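*Asks:*
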Amino acid sequence: MSSESLPLLYVAVLFGLLVVAAVVIFQQVFKTRRLDSSLNRLQSKLNKEKGTGLEYYELGSVQLDKRLYSQAIVNLQKAIKAKDIEGPTLAPVYNALGYAYFAQEKFDQAMKNYKEALKLLPDYVTALNNLGHTYERKQIANKALECYDEALRLEPGNATAKRRSEALKNV
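Here the sequence shown is numbered in this note's numbering, starting from -15 and rising by one per residue.
1. Does chain D have any CB closer than 7 Å to the CB of residue 147?
2. Roughly how many angstroms separate the alpha carbons of residue 133 and residue 40, rounded to a whole number?
3. Do you know how far the Cα of residue 4 is from the Cα of residue 12?
4. Please state the DSSP three-state secondary structure of residue 120.
5. Using only alpha-carbon positions, find the residue among 67, 21, 71, 153 that is nearest to residue 49.
6. Within a Cβ cutoff of 8 Å, which residues of the same chain sit near residue 148, ignoring the five residues on either side of it in sequence?
7. Which residue's Cα is closest to the Cα of residue 156: 72, 28, 150?
8. Helix, strand or coil: which one does DSSP assign to residue 155?
9. Could you tell me whether the stretch 58 to 71 touches the stretch 86 to 94, using the rule of 3 or more Cβ pairs below 8 Å?
10. Going by DSSP, what residue range makes up the alpha helix (DSSP H) through residue 88?
11. By alpha-carbon positions, which one of 56, 74, 122, -2 ends up nearest to residue 108?
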């Protein structure tokens, strides 16, 4: 390679990096705008009238994405109290509520909600992984390992359960 083509290669690599950075920034801005739009739409609707459980769940999920955990807890609890969501379809709501408590390091409340999700939907692998992670944070490794092993029994290719289970076995 000649020394004359080196600056051209440098500019091409720099341009490529700038394009990648621009794409990543654009995606993040688009995601943020979409979340803000959903948040505003749902909040304005629910401030005017009583919403459905699904709407409270959607609002709580958006608030989780935006790390508004206290607000998410309130709306997820409203989703649970609503009468239009029941049975196994409530499991993701309890799981999301557990996640909101986990994010605030309220591990006992998180575990209670993950267990409720699993009571409603026993093969809910995401709730098993989340419960296992909570046991890890509480330093109850044997219970965490049980959760991850059950998740792997239900979904043998589950990367999260596999990674966490191996990490616990290597300690």
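Glycine residues also receive a C-beta, built at the ideal position from the N, C-alpha and C atoms.
Keep in mind that this is a model prediction, so the values were computed, not measured.
*Replies:* In short:
1. This model lacks chain D altogether; it includes just one protein chain.
2. The count along the sequence shown starts at 1 and reaches residue 133 at position 149. The count along the sequence shown starts at 1 and reaches residue 40 at position 56. Their Cα atoms are separated by approximately 33 Å.
3. In the sequence shown, the residue the question calls residue 12 occupies position 28. In the sequence shown, the residue the question calls residue 4 occupies position 20. Their backbone Cα atoms lie some 12 Å apart in a straight line.
4. Walking along the sequence shown from the start, residue 120 turns up at place 136. Three-state DSSP puts residue 120 in a helix.
5. Here residue 49 refers to the residue found at position 65 of the sequence shown. Cα-wise, what sits closest to residue 49 is 21.
6. As a first step, residue 148 is located in the sequence shown; it is residue number 164 there, counting from the start. Hits under 8 Å: 113, 116, 117, 120, 128, 132.
7. Any answer about residue 156 is impossible in this case: the structure gives the chain only from -15 up to 155.
8. Counting from one through the sequence shown, the residue named residue 155 turns up at place 171. In the structure shown, residue 155 falls within a coil segment according to DSSP collapsed to helix, strand and coil.
9. no
10. As a working note, residue 88 is residue 104 in the sequence shown. Where residue 88 is concerned, there is no enclosing alpha helix (DSSP H), given that its DSSP letter is neither H nor E.
11. By one-based count along the sequence shown, residue 108 stands at place 124. If we check each option's Cα against that of residue 108, 74 comes out closest.
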